[in-house]
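Engineer: For reference, the structure I am asking about is given below.
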Amino acid sequence: MLDKLLAGLTDAQKKAVLYTTGPLLVIAGPGSGKTRVITYRIAALIHSGVKPFNICAITFTNKAADEMRLRLLDMNTPAGAQVSTFHSFCVRILRRYANYATINPNFTIYDRADQVRCVKQALKNCETDSKNFPPSTMLEAVSALKNKLVNPDDYRDQADDFFAKVLEKIYRSYQKILTENNALDFDDLLMKTALLLQSSPLVRNELADRFKFLLIDEYQDTNHAQYSIAKAIASQHNNICATGDPDQSIYRWRGADIRNILDFEHDFPNATVIKLEKNFRSPPNILEAADSLIAANKNRKQKILIPTKPPCPQDVTIDCFEDETEETAAIAEKIEQLRSQNVSLRNIAVFYRVNAASRPLEEALIKSKIPYQIVRGVEFYSRKEIRDVLAYLKILVNHNDEFALRRAVNSPPRGIGKITLEKAAQYARKNNISVYEALRRADNIETLNTGAKKRIRPFIEMIENFKSNTAGHVAPLIEGIFEKSSLAAALKASKDGDDAVENVRELVNAAADYDRANDAPCLIDYLQQISLFSDTDSYDTSAERVALMTLHTAKGLEFDHVFITSIEEDILPHTKSSEDHNELEEERRLFFVGITRAKQTLSLTYARYRTIWGQLSRTIPSRFLYELGLDFQDIDGEKKEKNLDLKNLTTKLTGSIVEHSKFGTGRVKKFVNTGQNSTVTVKFKTGQTKTLMLKYANLTIL
DNA sequence: GCGAGTTATGTTTTT
DNA sequence: CATAACTCGC
Numbered sequence: 001m002l003d004k005l006l007a008g009l010t011d012a013q014k015k016a017v018l019y020t021t022g023p024l025l026v027i028a029g030p031g032s033g034k035t036r037v038i039t040y041r042i043a044a045l046i047h048s049g050v051k052p053f054n055i056c057a058i059t060f061t062n063k064a065a066d067e068m069r070l071r072l073l074d075m076n077t078p079a080g081a082q083v084s085t086f087h088s089f090c091v092r093i094l095r096r097y098a099n100y101a102t103i104n105p106n107f108t109i110y111d112r113a114d115q116v117r118c119v120k121q122a123l124k125n126c127e128t129d130s131k132n133f134p135p136s137t138m139l140e141a142v143s144a145l146k147n148k149l150v151n152p153d154d155y156r157d158q159a160d161d162f163f164a165k166v167l168e169k170i171y172r173s174y175q176k177i178l179t180e181n182n183a184l185d186f187d188d189l190l191m192k193t194a195l196l197l198q199s200s201p202l203v204r205n206e207l208a209d210r211f212k213f214l215l216i217d218e219y220q221d222t223n224h225a226q227y228s229i230a231k232a233i234a235s236q237h238n239n240i241c242a243t244g245d246p247d248q249s250i251y252r253w254r255g256a257d258i259r260n261i262l263d264f265e266h267d268f269p270n271a272t273v274i275k276l277e278k279n280f281r282s283p284p285n286i287l288e289a290a291d292s293l294i295a296a297n298k299n300r301k302q303k304i305l306i307p308t309k310p311p312c313p314q315d316v317t318i319d320c321f322e323d324e325t326e327e328t329a330a331i332a333e334k335i336e337q338l339r340s341q342n343v344s345l346r347n348i349a350v351f352y353r354v355n356a357a358s359r360p361l362e363e364a365l366i367k368s369k370i371p372y373q374i375v376r377g378v379e380f381y382s383r384k385e386i387r388d389v390l391a392y393l394k395i396l397v398n399h400n401d402e403f404a405l406r407r408a409v410n411s412p413p414r415g416i417g418k419i420t421l422e423k424a425a426q427y428a429r430k431n432n433i434s435v436y437e438a439l440r441r442a443d444n445i446e447t448l449n450t451g452a453k454k455r456i457r458p459f460i461e462m463i464e465n466f467k468s469n470t471a472g473h474v475a476p477l478i479e480g481i482f483e484k485s486s487l488a489a490a491l492k493a494s495k496d497g498d499d500a501v502e503n504v505r506e507l508v509n510a511a512a513d514y515d516r517a518n519d520a521p522c523l524i525d526y527l528q529q530i531s532l533f534s535d536t537d538s539y540d541t542s543a544e545r546v547a548l549m550t551l552h553t554a555k556g557l558e559f560d561h562v563f564i565t566s567i568e569e570d571i572l573p574h575t576k577s578s579e580d581h582n583e584l585e586e587e588r589r590l591f592f593v594g595i596t597r598a599k600q601t602l603s604l605t606y607a608r609y610r611t612i613w614g615q616l617s618r619t620i621p622s623r624f625l626y627e628l629g630l631d632f633q634d635i636d637g638e639k640k641e642k643n644l645d646l647k648n649l650t651t652k653l654t655g656s657i658v659e660h661s662k663f664g665t666g667r668v669k670k671f672v673n674t675g676q677n678s679t680v681t682v683k684f685k686t687g688q689t690k691t692l693m694l695k696y697a698n699l700t701i702l
């Protein structure tokens, strides 16, 4: 059986799969079968008698975990829930050992939007000006500290400058707010688990004893907290197997520490290192380009990529277009061509650096009637109506979640406003109870008038009613809440509520999927699972549609035909990353990841002009294009410049500075080109905005 | 408490 | 520039 399993693997792969005890690092380039090695290794371990229960496999996304589980099922070696992401793994540990970690197991997981709300609250509590300390900056700083396992007390000792002192205060306050709401953010999941493993010998020993084998994929993108968890889990049996590629490390900005993989041999003495150098994915030309590009990184270990696929002509192209409209139209046309050659749309993907780039692409694809899907999972759950429904669910399991409560109370509006809630919050603080509990005892709050009490009562009754029915399947529960909370009625009554209702229906369907997939569906678990949803998780690989996604999301995927757009300076590499040497190298790795997704053809495009923030601006081809070793020349030229047609005039006039004899100088906001009767809308320096007939306005372009 | 008007924020990338 | 979040007056 095992022999059959191993047939078709290379010697290096076999060695990695069969390697039994001690630390193992598999350094492997793109398309070399890293994930395959992990999967086979699990299968081999199980075949040799190891129980799935004793194996812990960590993948980068839930999608990857699902796929791995499916493969294992195919190999007749189900590993069940033992395959998961770091975050899901931590949720399970924190729930099981909640009392050791002194947390409530019904915790809510706060996403980015919730986090921002908390930081704003923290800024308010600390009476700090949010102008000098923008919430997003503070949040990132707090997140960075958590990833390094630095708690507020640790930080107090190293905070010496003014910013650091403020940060410490904000961090402390932010953490207090989370605790009060019985909520954990993404970073807490890792940090609390890591600290629990450090501080509780009992928990550490139990887990370290249980997990005889630990396997971690995409190790190059682990942060310090994850490293600490891994170290603790492997502390007893020392059977850690990590796979990764330093050249594909693209999450440094999120706290990922490339040193984890570079120092593996130091961290885990007696480690064996196996390199997989054969690439089974891309044709030689694409690999050469990728190799040539990544060679420009100074901070890297030399690595080789040996192609195993035969060469095919025309596999890499670089094309220049006038603007993003032409660029995306050309991509749509190429996709149309592929389709006419019977290429399935499933095998085509378009990557871009920034999410904003998806819009012109969508327009072009719609125009050409090419079905597509934007791979961006979390977005669905951040829609207003979805958040509203989820707010109800969250209070049911965690009545301390004040953000959820505030949201639910007034969606739909119930006449319970800021003042009423503030009074309830005051009462809650005084009596050391949750705001929800305070509302439940509204009759005892003297400051509230009878009207307010009368409005609160039915709301509480409704929630209590829901509460008594939370057991079992989630989908019917959501459906019931949607109707009984009058959210459904309110949405149906609003004029563009049809889409919203449709979205909730989709939420119910997704919940039904969850109910089916789990033996013991439960609301808490459901909520925690959807909070850990990632972008790739929404990717429907079976749909006959072109996939659109960012370069980050593309990690770990592969497609026959890959398009990468807007390869221009300030986009790839991004403006914010082109100054710092390390960040620039990370941008290069990001491009490297994108290129190496291609199984057959790779089409790279850029435009000479691009609209950014509504402003048309001249672009510069990305320096990376010159590094591909493809004798690429910037096909820029004066001749194109002179052929201005009307369409170009439209785009050029908008945004430019003009002078008017009477109103002075101003910026063109809008240009409606109707030939003779064309109008321009100009915002003048005097502050007034005027719409003028172009032929009479007598404007001078400055 | 609610709507209209104003202003922050984002266009890096995400579990 | 476009949207979301916030503020202020009714």
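Residue numbers for the first sequence, in my numbering: 1 to 702.
Built from N, CA and C at the ideal position, the CB exists for glycine as well.
Would you mind stating whether D535 and V375 have Cβ atoms separated by less than 7 Å?
Structural biologist: Yes, Cβ-Cβ distance for D535 and V375 is below 7 Å.
Engineer: Are the CB atoms of I240 and L214 within a distance shorter than 7 Å?
Structural biologist: Against a cut-off of 7 Å, the Cβ pair of I240 and L214 comes out as a contact.
Engineer: Pull up the DSSP beta-bridge partners for S542, would you.
Structural biologist: According to DSSP, S542 bridges with nothing at all.
Engineer: Which runs of the beta strand (DSSP E) spanning at least 3 residues fall entirely within the region 1-43, listed in chain order?
Structural biologist: Runs of the beta strand (DSSP E) inside the region 1-43: 24-28.
Engineer: Over what stretch of residues does the beta strand (DSSP E) that includes Q528 continue unbroken?
Structural biologist: Not the beta strand (DSSP E): Q528 falls in the alpha helix (DSSP H), residues 523-531.
Engineer: Per the DSSP calculation, G664 is bridged to which residue(s)?
Structural biologist: Answer by DSSP bridge pairing, in chain order: H660.
Engineer: Less than 8 Å between C-beta atoms, sequence neighbours within five positions excluded: which residues of the same chain meet that for H87?
Structural biologist: F186, L189, L190, L532, listed in sequence order.
Engineer: Could you name the residues of the same chain whose beta carbon sits closer than 6 Å to that of E324, not counting the 5 residues immediately before and after it, in chain order?
Structural biologist: Excluding positions up to five away in sequence, the list reads P360, A607, R610.
Engineer: Could you have a look at L196 and say whether DSSP puts it in helix, strand or coil?
Structural biologist: The answer is helix: DSSP assigns L196 an H, G or I state.
Engineer: Whose C-alpha, out of S282, A256, R204, is nearest the C-alpha of D703?
Structural biologist: This structure does not reach residue 703, given that the chain is present from 1 up to 702, and the question cannot be answered.
Engineer: Quick one: grab the DSSP three-state call for P621.
Structural biologist: Here P621 sits in strand by DSSP.
Engineer: Counting C-beta neighbours from all protein chains within 10 Å, is the total for L649 16 or more, i.e. buried, or is it exposed?
Structural biologist: With a pLDDT of only 47 at L649, under the threshold of 50, the placement of this residue in the model should not be trusted, and no figure is reported.
Engineer: Which of helix, strand or coil does DSSP assign to G710?
Structural biologist: Nothing can be reported for residue 710, as the shown portion of the chain is limited to 1 through 702.
Engineer: Just verifying my parser: in three-state terms, what is the DSSP assignment at R172?
Structural biologist: R172: helix per DSSP, three-state reduction.
Engineer: So, for E627: in the same chain, excluding its five sequence neighbours on each side, which residues have a beta-carbon less than 7 Å away from its beta-carbon?
Structural biologist: Cβ within range, chain order: S292, L293, A296.
Engineer: Looking at the unbroken beta strand (DSSP E) that takes in Q373, where does it start and where does it end?
Structural biologist: Segment 372-374, the beta strand (DSSP E) holding Q373.
Engineer: What residues in its chain sit with their C-beta under 7 Å from that of V350, if we drop five residues either side in the sequence?
Structural biologist: So the list reads I331, L361, V546, L548, F563, T565, once near-sequence residues are dropped.
Engineer: Cutting at 7 Å between CB atoms, please list the residues of its own chain near L6, excluding the five before and the five after it.
Structural biologist: K14, V17.
Engineer: I'd like the list of long-range same chain contacts for F321, defined as Cβ closer than 8 Å, with 5 residues on each side in sequence excluded.
Structural biologist: Excluding residues within five positions, the ones whose Cβ falls inside 8 Å are E327, A330, T605, Y606, A607, R608.
Engineer: For my contact list, V397 and I478 are in at a C-beta cut-off of 8 Å; report their separation, rounded to the angstrom.
Structural biologist: About 13 Å separates the two Cβ atoms, so there is no contact after all.
Engineer: The alpha helix (DSSP H) with L207 in it runs from where to where?
Structural biologist: L207 -> alpha helix (DSSP H) spans 201-210.
Engineer: Taking the alpha-carbon of D153 as reference, which of Q175, F163, K63 has the nearest alpha-carbon?
Structural biologist: The option with the nearest alpha carbon to D153 is Q175.
Engineer: In chain order, what residues of the same chain have a beta carbon less than 8 Å from the beta carbon of E168, not counting five sequence neighbours either side?
Structural biologist: Correct list, in chain order: P152, Y155, R156, A159.
Engineer: Report the CB separation of N181 from N400 in whole angstroms; it is logged as a contact under 8 Å.
Structural biologist: Yes, N181 and N400 are in contact; Cβ-Cβ is about 5 Å, under 8 Å.
Engineer: Please tell me whether I170 and Q121 are closer than 7 Å, where the distance is taken between their beta carbons.
Structural biologist: The answer is no: Cβ separation not under 7 Å.
Engineer: Alpha carbon to alpha carbon, how far is N104 from E363? Give it in angstroms, no decimals.
Structural biologist: Spanning the two alpha carbons is a distance of roughly 47 Å.
Engineer: Give me the Cβ distance between E288 and G29, rounded to the nearest whole Å; I'm assuming they're in contact under 8 Å.
Structural biologist: Not confirmed; about 13 Å, so no contact.
Engineer: Would you check if there are 3 or more beta carbon pairs closer than 8 Å linking the region 519-528 to the region 490-508?
Structural biologist: At 8 Å Cβ cutoff, the stretches do not touch.
Engineer: At what residue ranges does the region 69-102 contain a whole run of the alpha helix (DSSP H), taking only runs of 4 or more?
Structural biologist: Entirely contained in the region 69-102, the alpha helix (DSSP H) runs reaching 4 residues are, in chain order, 86-96.
Engineer: Could you name the residues that DSSP lists as bridge partners for F703?
Structural biologist: A question about residue 703 goes unanswered here, because the residues of the chain that appear run from 1 up to 702.
Engineer: Three or more beta-carbon pairs under 8 Å between the region 450-460 and the region 416-429, yes or no?
Structural biologist: As far as the Cβ criterion goes, the region 450-460 touches the region 416-429, which means the pair count is three or higher.
Engineer: Counting Cβ pairs closer than 8 Å, one from the region 67-76 and one from the region 231-238, do we hit at least three?
Structural biologist: The answer is no - the region 231-238 does not touch the region 67-76, with fewer than three Cβ pairs under 8 Å.
Engineer: Of all the alpha helix (DSSP H) runs that stay within the bounds of the region 373-448, which reach a length of 4 or more residues?
Structural biologist: If we require 4 residues or more, the alpha helix (DSSP H) runs fully inside the region 373-448 come out as 378-381, 384-397, 402-409, 418-431, 435-440.
Engineer: Tell me the DSSP secondary structure of F563 in three-state form.
Structural biologist: Of the three classes helix, strand and coil, the one that applies to F563 here is strand, per DSSP.
Engineer: Y436 and L393 - do their beta-carbons sit closer together than 7 Å?
Structural biologist: In this structure, Y436 does not lie closer than 7 Å to L393 by Cβ.
Engineer: Within 10 angstroms of the Cβ of N279, are there 16 or more other Cβ atoms? Answer buried if so, exposed if not.
Structural biologist: Classification for N279: buried.
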